[in-house]
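What follows is a set of notes on a single structure, which appears directly below.
Number of protein chains: 2
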Amino acid sequence: MAEVVATNIDKFFQPRGIAIVGASATPGKPNNQILEFAKQMSLHGNVYPVNPKLDEISGLTCYPDLLSIPAPIDLIVLSVSPRNCVRVAYDIKKRREEKGDAGAVTVVAAGFREMGTEEGENLQQEMMATITECGARIIGPNCQGVVDAYNGVNTTFSVPPNTPKGGVSIVSQSGAFATSFLRWARDQKLVGINKFVSLGNMADVDFTELLTYMADDEKTKVIAMYMDGINDARSMIDVAAKVTRKKPVVVIKAGKTSMGTNVAHSHTASIAGNNDIYNGAFRQAGVIRAQSVADFYHTARTFDKQPLPKGNRICILTVVGGPSTICVDELVLTGEATLAHFSEPLKKELAKYLVPSANIGHPDGYIDMTASVTEKMHADVLKLLMQDDDIDGIIFMTTPPGFIKDEGLAEAILEGYNSVPQAKKKPLLSVMLAGNAVAKCRTILEENGLPTFEYPDDAARVMVNMIRYSAYRRQNS
Amino acid sequence: MAEVVATNIDKFFQPRGIAIVGASATPGKPNNQILEFAKQMSLHGNVYPVNPKLDEISGLTCYPDLLSIPAPIDLIVLSVSPRNCVRVAYDIKKRREEKGDAGAVTVVAAGFREMGTEEGENLQQEMMATITECGARIIGPNCQGVVDAYNGVNTTFSVPPNTPKGGVSIVSQSGAFATSFLRWARDQKLVGINKFVSLGNMADVDFTELLTYMADDEKTKVIAMYMDGINDARSMIDVAAKVTRKKPVVVIKAGKTSMGTNVAHSHTASIAGNNDIYNGAFRQAGVIRAQSVADFYHTARTFDKQPLPKGNRICILTVVGGPSTICVDELVLTGEATLAHFSEPLKKELAKYLVPSANIGHPDGYIDMTASVTEKMHADVLKLLMQDDDIDGIIFMTTPPGFIKDEGLAEAILEGYNSVPQAKKKPLLSVMLAGNAVAKCRTILEENGLPTFEYPDDAARVMVNMIRYSAYRRQNS
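Listed in order, the protein sequences are those of chains A and B.
Under UniProt numbering, the first sequence has 350 at position 350, and the numbering climbs by one with no breaks.
Under UniProt numbering, the second sequence has 3 at position 3, and the numbering climbs by one with no breaks.
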């Protein structure tokens with residue numbers, strides 16, 4: 001297997017300057033939005049609009065062409081018509097030859113291969129040939145470009161600059177899917193983002209190279225990918241199998257059905273490939289394939305925040321019977337997870353802190369603290385569960401009784417969770433079933449690295465994904 | 001098959017007066033909450049606290065026992081210790097013999113059969129024998145009682161009085177699950193509630209009788225049930241098969257696995273039964289079994305708001321490729337739904353209103369309006385799709401471009417949807433992928449009866465559920 005080297009990819013994420021070809025002065029237009037977002041997010045302010053019809057856009061000098069920008073530009077955003085993209089490609093080549101910069105290009109423009117026409121195909125080929133000839137790298141065409149939350153890069157018209165920072169890097173063939181993910185991140189404050197790459201037609205930079213790059217990117221804790229289909233699946237899977245030894249890769253792969261495959265093809269001209277083969281290959285490579293959009297979202301954010309379980313023995317800590325039943329069903333359904341075994345000493349200890357009517361260990365691994373629970377009981381019980389070596393992970397479920405205060409509950413949970421040193425930590429997923437009534441508690445837990453969920457089965461599926469990945473890591477370390 | 005007659009069930013939902021035995025004056029205590037909620041929600045104010053230690057609670061005369069309440073009371077809430085419940089049972093019997101009222105009892109108290117002890121079993125038996133002997137009906141024990149949003153009844157300590165009104169009636173063995181559902185209803189404003197019944201141990205009133213009752217309840221458009229397990233599954237299924245000829249029944253059934261079954265047993269002392277047998281029985285009876293909590297929630301609320309599809313031919317209308325691929329995958333996965341066929345005249349008409357680069361019918365049944373879409377295009381295209389007899393339902397997906405205004409988009413969608421008379425309506429599910437950025441649009445659509453979704457696969461699953469139920473109705477009418 002050939003070694004994949006991610007050449008010049010860092011130019012996309014750490015550019016000295018960004019040129020926006022096609023920048024517009026009309027508020028609301030995508031090409032104005034691109035400039036505004038790039039400007040707002042830029043750490044150093046080296047953003048250069050290019051538009052021969054304008055002298056200035058919102059305080060920035062506007063240049064007639066790429067060649068006249070005096071400062072170094074590493075990243076170029078192409079948002080002009082496909083024909084103009086081809087023309088500008090020659091400027092890029094020239095600039096690269098003359099000044100040596102212009103190493104990275106994101107082509108936002110659409111109207112290329114994804115059109116399914118000869119014209120689109122030819123335009124894409126000519127543009128690509130010109131740019132790649134000079135060693136520059138291209139993301140797109142028909143994409144939304146890149147975001148780097150830490151390095152202050154944003155070439156999109158759709159990702160607001162105030163997306164919260166975190167360890168999830170998302171790589172997507174669908175710009176809309178990835179930007180939705182980032183909007184959820186911002187609105188729900190449940191997930192933090194590091195890098196965002198919208199790949200579009202994937203004419204040059206692809207999943208394989210980005211996997212390689214992000215494997216070594218320190219701030220990326222989880223790689224989350226949306227995939228229509230890929231040309232060189234084998235090479236991608238080979239690389240993924242190496243990357244997953246270092247960090248989790250979560251994938252949502254479209255084209256499960258032949259009709260879905262047809263849609264994928266009209267979207268990014270990609271071939272979805274056989275679904276079962278992908279399933280097997282992902283599993284073998286330690287890639288977690290999400291079963292739904294919700295699963296993708298929750299799994300990625302939880303991997304970012306929580307340690308891996310050391311095994312598959314899960315404790316259910318609850319005050320609500322029905323949701324717990326649903327949770328346990330989903331947890332053990334695939335056979336990968338099981339309920340933990342409570343030792344007699346543990347049960348005796350637990351009984352000291354809970355009310356007599358509490359259910360401790362019926363069935364084994366299950367605790368119902370009942371509605372007579374107090375804030376303190378949460379801390380006491382969690383301390384015991386965190387210390388117990390026969391428990392690999394905890395799912396906690398509640399609709400807190402009215403007399404329990406949001407802050408007090410959150411503090412008690414954190415006290416229990418943080419009672420053991422980092423190396424002894426195990427995943428704790430909290431299902432908060434009471435809507436807005438527990439909003440403050442959720443916020444405090446999330447801010448302190450404890451993921452919260454609205455639905456019990458969502459949490460169970462995430463725990464199974466963590467168990468699966470953890471098993472892969474143990475077998476491949 | 002014996003005819004099920006729902007005797008005296010209306011006393012729970014239309015009581016002349018409600019007595020709350022065990023009412024407390026201490027704010028925050030569940031027994032105070034029950035009284036407050038009952039008072040706040042009561043249309044006529046006939047709420048009577050019973051507590052021998054108090055003369056008055058928050059402005060209401062407090063009675064020492066049930067027998068001393070001078071006004072008619074049809075519904076009694078028992079929230080005292082199990083032993084006291086047994087004692088009060090004799091008062092209920094006496095009152096019934098003397099005054100003829102007291103026909104309905106909800107037993108909130110826990111500590112009965114669900115304890116798995118001889119004592120709990122004996123207490124339940126004695127209480128039940130005493131109350132049922134005199135012809136009164138019981139919901140519980142170990143339950144949260146009932147809510148009727150239209151008739152102003154609330155016997156719970158957990159369902160806030162301001163739950164939005166609607167056509168979904170929920171019947172649940174899990175109080176926590178059902179109250180969470182109602183909290184989502186209130187917080188997200190996506191679903192409206194008619195009746196709520198928390199069944200608990202189900203010692204008397206059960207699913208079968210409530211199905212019978214709600215089938216004839218005009219304001220109930222959808223019956224949504226959470227089930228641990230039931231004693232007389234055959235009778236329930238027989239009744240459900242009749243009810244589903246009139247209105248949809250959506251079920252989430254716990255105990256898919258043996259571990260889940262064990263939890264269900266500890267919860268409500270019920271036997272979950274064989275999962276595959278339930279699957280088959282539900283399907284044959286036209287009962288929609290939800291696959292997840294999200295599926296349950298979204299399916300119930302959509303049945304309430306939308307007409308049934310007349311067939312299985314679905315049109316995908318979108319501006320976002322990736323989410324649409326996920327949606328189509330999920331839509332056609334079970335083989336029950338398919339993409340619609342666009343006639344040549346329809347395609348020509350569509351092309352008149354869309355930009356040249358729009359994708360009309362690749363694949364068949366699929367339209368990508370592209371990011372060059374306008375508000376008006378939504379109205380124009382939806383009009384054509386609503387009128388077309390070869391399309392049975394529409395899933396619309398968007399992250400609206402920045403220049404499209406929330407209100408304008410919502411109005412255009414409504415204009416398109418409402419361009420045909422009621423009898424010609426077909427389901428239109430809208431997936432709004434842009435988080436809070438489309439919050440206003442979602443609110444307007446929801447208020448006008450158009451359900452909105454965050455994730456494309458959620459909408460697809462709901463559409464499949466509607467198609468399945470519609471097919472059942474056509475085969476059993």
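For every residue, glycine included, the Cβ atom is placed at its ideal position computed from N, Cα and C.
Measuring only the C-alpha atoms, how far is residue i from residue j?
| i | j | result |
| --- | --- | --- |
| THR443/A | ASN162/A | 18 Å |
| GLY321/A | ALA264/B | 7 Å |
| ILE288/A | VAL250/A | 5 Å |
| VAL168/A | LYS221/A | 6 Å |
| LEU414/A | LYS405/A | 14 Å |
| TYR366/A | LEU317/A | 6 Å |
| CYS143/B | ALA176/B | 10 Å |
| GLY260/A | SER266/A | 10 Å |
| ALA2/B | ILE360/A | Note that ALA2/B scores a pLDDT of 46, beneath 50, so its modelled location is shaky and nothing firm can be said. |
| ASP304/A | ASN31/A | 33 Å |
| GLU119/A | PHE112/A | 8 Å |
| ILE92/A | LEU67/A | 8 Å |
| ASN448/A | MET432/A | 16 Å |
| THR212/A | VAL205/A | 11 Å |
| VAL153/A | PHE13/A | 7 Å |
| LYS376/A | LYS383/A | 11 Å |
| VAL243/B | SER324/A | 29 Å |
| ARG16/A | TYR48/A | 11 Å |
| MET291/A | ASP217/A | Note on identity: in this sequence residue 291/A is Gln, with Met being the wrong assignment. So the two alpha carbons sit approximately 27 Å from each other. |
| LEU354/A | THR370/A | 9 Å |
For residue i, which beta-bridge partners are listed by DSSP?
| i | result |
| --- | --- |
| ASP368/A | THR318/A and ASN359/A |
| TYR226/A | SER172/A and ILE252/A |
| residue 537/A | As displayed, chain A neither begins before 1 nor continues past 477, which places residue 537/A out of reach and without an answer. |
| GLY393/B | ILE314/B |
| ASN154/A | VAL147/A |
Can you say whether residue i is buried or exposed, counting buried as having 16 or more other CB atoms within 10 angstroms of its CB?
| i | result |
| --- | --- |
| ASN476/A | exposed |
| ASN274/A | exposed |
| ILE237/A | buried |
| PRO160/A | buried |
| ALA423/A | exposed |
| THR155/A | buried |
| residue 530/B | Summary: the structure shown does not reach residue 530/B, with chain B confined to residues 1 through 477, and so no result is reported for it. |
| ALA71/A | exposed |
Would you say residue i faces chain B, with C-beta separation under 8 Å as the test?
| i | result |
| --- | --- |
| ALA129/A | no |
| ALA351/A | no |
| ILE326/A | yes |
| PRO451/A | no |
| ASP276/A | no |
| ASP187/A | yes |
| ALA254/A | yes |
| SER180/A | yes |
| ALA264/A | yes |
| PHE112/A | no |
| TYR366/A | yes |
| TYR226/A | yes |
So, does the CB of residue i fall closer than 8 Å to a CB anywhere in chain A?
| i | result |
| --- | --- |
| LEU333/B | yes |
| MET1/B | Residue placement at MET1/B is flagged as unreliable, the pLDDT there being 42, under the threshold of 50; a coordinate-derived value is accordingly withheld. |
| ARG183/B | yes |
| GLY260/B | yes |
| LYS376/B | no |
| HIS362/B | yes |
| ALA203/B | no |
| PRO456/B | yes |
Residues of the segment 291-324 of chain A whose Cβ lies closer than 7 Å to any Cβ of chain B, in chain order: Those would be SER292, VAL293, ALA294, VAL320, GLY321, GLY322, PRO323 and SER324, in chain order.
Residues in the segment 401-416 of chain A having any Cβ partner in chain B nearer than 8 Å: When CB distances to chain B are screened at a threshold of 8 Å, the residues of the segment 401-416 of chain A falling below it are PRO401, GLY402 and PHE403, in chain order.
Positions along the segment 417-440 of chain B whose CB lies within less than 7 Å of some CB in chain A: Residues passing the 7 Å Cβ filter: LEU433, ALA434, GLY435, ASN436 and ALA437.
Residues, ordered as in the chain, of the segment 336-349 of chain A that lie near chain B by beta-carbon distance below 9 Å: Here the close residues are THR338 and LEU339.
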